[in-house]
Amino acid sequence: MSGYEPGFQGRVCLVTGAASGIGRATARLLADLGGQVVATDRNGGGLAALAAQVTAEGGTVTCVEGDVSRPQDVQRMVDTAVKEFGRLDVAVANAGILPLSDVLETTPEQWDEVMAVDGRGMFLTCRQAIAAMRTQESGGALVCVSSVSGVAGQARQAAYGPAKFVATGLTKHLAVEWAAHGIRVNAVAPGTIRTERVIALRDEPGGRQYLETVSRAHPMNRLGEPEEVAQAIAFLASPAASFITGAVLPVDGGYLAQ
Ligand code: NAI
142 MSGYEPGFQG RVCLVTGAAS GIGRATARLL ADLGGQVVAT DRNGGGLAAL AAQVTAEGGT
202 VTCVEGDVSR PQDVQRMVDT AVKEFGRLDV AVANAGILPL SDVLETTPEQ WDEVMAVDGR
262 GMFLTCRQAI AAMRTQESGG ALVCVSSVSG VAGQARQAAY GPAKFVATGL TKHLAVEWAA
322 HGIRVNAVAP GTIRTERVIA LRDEPGGRQY LETVSRAHPM NRLGEPEEVA QAIAFLASPA
382 ASFITGAVLP VDGGYLAQ
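Numbering-wise (the working numbering), the sequence shown opens with residue 142 and increments by one.
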């Protein structure tokens, strides 16, 4: 048996929501491990900053601006990978929005907005990636970014939490649907991670109190770092996880173990 195989040398890796937070850390790590990264986001300026950073670190990245809730945009993201590099080996469905509200505060419009990005966007990314991977003999690996809120209930996540259950559900169903084709589908379930979005919560109504409470709720008594989630994503996407599919891996400082 060969040794531990975390490398991504020559593998074509799509990452959505790569301009910030967990997505940016993942794109940087996969590029650092030798991957040919296709970084996508609706924030073009953030993508340009990522590209400059990856280039300075000696890696390469191709950027595609687009919205994961729009089928034609997601198709363009995947087509770019296939046209430029001939294949798609890894897709990380990460783009998401994280609103905090209870069920009475949540309007039908807010529900639709979260479901459009975190639900429909995740579905479209998986769908388009699998359409490309199914034609490859070597299959592929998808990693969906769910959340502890996609595994267990939390207060004030009346729309976001159910949208994250979509990520968990897609992971399990698609894993079974595509296992025989050599396509693995796994998810990470991060606890609260110190990304731009979470730092910004401090300035929102109830946000500071929410963060203090949630930080204490992690047995490791701290928030996670984007790089810690990126490491788990890279493992699930790598050949080292070749017999793992349909798994939802907590990256949560023990939150879900309670
Ligand atoms: P972030 O806000 O720092 O980064 C999200 C990125 O997604 C941004 O660059 C944003 O422009 C992009 N994005 C948003 N909507 C998009 C759309 N419709 N099309 C294309 N790009 C879009 O957020 P963060 O914290 O890095 O979150 C990333 C993922 O991790 C999300 O799916 C989130 O639900 C999940 N997550 C985050 C946790 C946290 O505590 N930060 C905890 C658990 C899960």
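Think of the CB as a built atom: it goes at the ideal place given N, C-alpha and C, for glycine as much as any other residue.
Residues bridged to Gly365 (per DSSP): DSSP output for Gly365 lists Ile334 as bridge partner(s).
Through-space distance from Gly176 to Glu369, alpha-carbon basis: 18 Å
Supposed close pair Ser161, Gly187 - CB separation, criterion 8 Å: 6 Å
Straight-line gap, Ala320 to Thr386 (C-alpha atoms, nearest Å): Ala320 and Thr386 have their C-alpha atoms some 8 Å from each other.
Counted within 10 angstroms of its Cβ, other Cβ atoms place Met263 as buried (16 or more) or exposed: buried
Rounded C-alpha distance that separates Pro249 from Thr354: 27 Å
Inter-stretch contact at 8 Å, needing at least 3 Cβ pairs: the segment 222-242 / the segment 156-171: yes
Three or more C-beta pairs below 8 Å linking the segment 323-330 and the segment 277-291: yes
Extent of the continuous alpha helix (DSSP H) run through Asp214: Start and end: 212-226.
Distance cut-off 7 Å: Ala388 Cβ against heavy atoms of ligand 1: no
Inter-residue Cα distance where the pair is Asp182 and Phe384: Their backbone Cα atoms lie some 30 Å apart in a straight line.
Beta-carbon contacts of Asp214 that lie in its chain and below 7 Å, excluding the five residues immediately before and after: Closer than 7 Å at Cβ, skipping near neighbours: Gly207, Asp208.
Own chain residues within Cβ distance below 6 Å of Asp393, not counting five before or after: Short of 6 Å from the beta carbon of Asp393, and not among the five residues preceding or following it, lie these beta carbons of its own chain, in chain order: Val289, Gly332.
Check: Asp220 C-beta below 7 Å from any heavy atom of ligand 1: no
Exposure of Val231, with buried meaning 16 or more beta-carbon neighbours within 10 Å: buried
Contact check, Met256 vs Ala330, beta carbons under 8 Å: At a Cβ-Cβ threshold of 8 Å, Met256 and Ala330 do not count as neighbours.
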